[in-house]
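Residue numbers (the working numbering): 2 to 147. Every residue, glycine too, gets a C-beta built ideally from N, C-alpha and C. Since this is a predicted model, take the numbers as computed values, not measurements. The next block holds one structure in the form of structure tokens; read it before the comments.
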Amino acid sequence: MKIDFVALDKDNWEECVLLWSSDDQFVTPNLRSIAEAQFYPKAISRAIFVSEEMVGYSMYGEDEDDAEAWAIDRFMISGKFRRKGYGLEALRQILEMGRTKGFQKFITSTAIKNEAMQNLLSKVGFSTRYEVKDGEYLYYKDEKPS
Ligand SMILES: CC(C)(COP(=O)(O)OP(=O)(O)OC[C@H]1O[C@@H](n2cnc3c(N)ncnc32)[C@H](O)[C@@H]1OP(=O)(O)O)[C@@H](O)C(=O)NCCC(=O)NCCS
């Protein structure tokens, strides 16, 4: 599967905004995420493409509060492209980008009722101690050799 992470620009940001729908209550609207990313220089804000088609959006990068952690702040695959394995592959690649930059600690969070994302996170090796922050469970993946 060919996945590309493409920077937002004047030609593609509106398409990316429209990938989010009001049914997607577990993730911040892409419009807001794209705006927010302008104010966080460490945030990497990307449209996710599969075979030249825009299918999702993610914001990730070095965590704002923990310079040792690679954080996935936003992650979504648009409704009609779900359950095709794109989320799994895109998430694996985002983790790999972190590893390439030397990160061994990965963090994210997801809504308490977001079973789909929780299953996906388990699949790539995240776990949770069910600590809640801003209404979401925190998830960790620590690859530091013990
Ligand atoms: C969560 C999300 C990213 C999954 O993306 P996806 O491309 O559909 O996921 P995949 O097809 O790669 O599925 C990978 C695994 O995730 C889990 N999963 C995905 N959708 C699921 C669902 N509706 N119910 C339960 N588990 C689900 C399964 O474990 C699945 O593996 P399987 O197909 O072997 O059962 C997508 O549903 C989404 O964007 N949802 C709305 C936004 C959101 O909640 N984002 C997370 C914010 S933290």
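With distances taken from each beta carbon to the nearest heavy atom of ligand 1, which residues come in below 6 Å, in chain order?
The answer, residue by residue, is D25, F27, V28, F76, M77, I78, R83, R84, K85, G86, Y87, G88, L89, T111, N115, E116, A117, M118, N120, L121 and K124.
Can you tell me the Cα-Cα spacing of S59 and P146, whole angstroms?
If you number the sequence shown from 1, residue 59 lands on position 58. If you number the sequence shown from 1, residue 146 lands on position 145. Looking at the two C-alpha atoms, the distance is approximately 28 Å.
Span of the beta strand (DSSP E) holding I4?
As a working note, residue 4 is residue 3 in the sequence shown. That run of the beta strand (DSSP E) goes I4 to A8.
How is the alpha helix (DSSP H) around T29 delimited, first residue to last?
Counting from one through the sequence shown, the residue named residue 29 turns up at place 28. Run containing T29: none; DSSP gives neither H nor E here.
Three or more C-beta pairs closer than 8 Å, one from the stretch 60 to 77 and one from the stretch 28 to 40: is that the case here?
In short, these stretches touch, since the Cβ pair count reaches three.
CB-CB under 7 Å to S110, same chain, minus the five flanking residues each way: which ones, in chain order?
For the purposes of this step, residue 110 is taken as residue 109 along the sequence shown, with counting starting at 1. So the qualifying residues of the chain are K134, E137, Y138, L139 and Y140.
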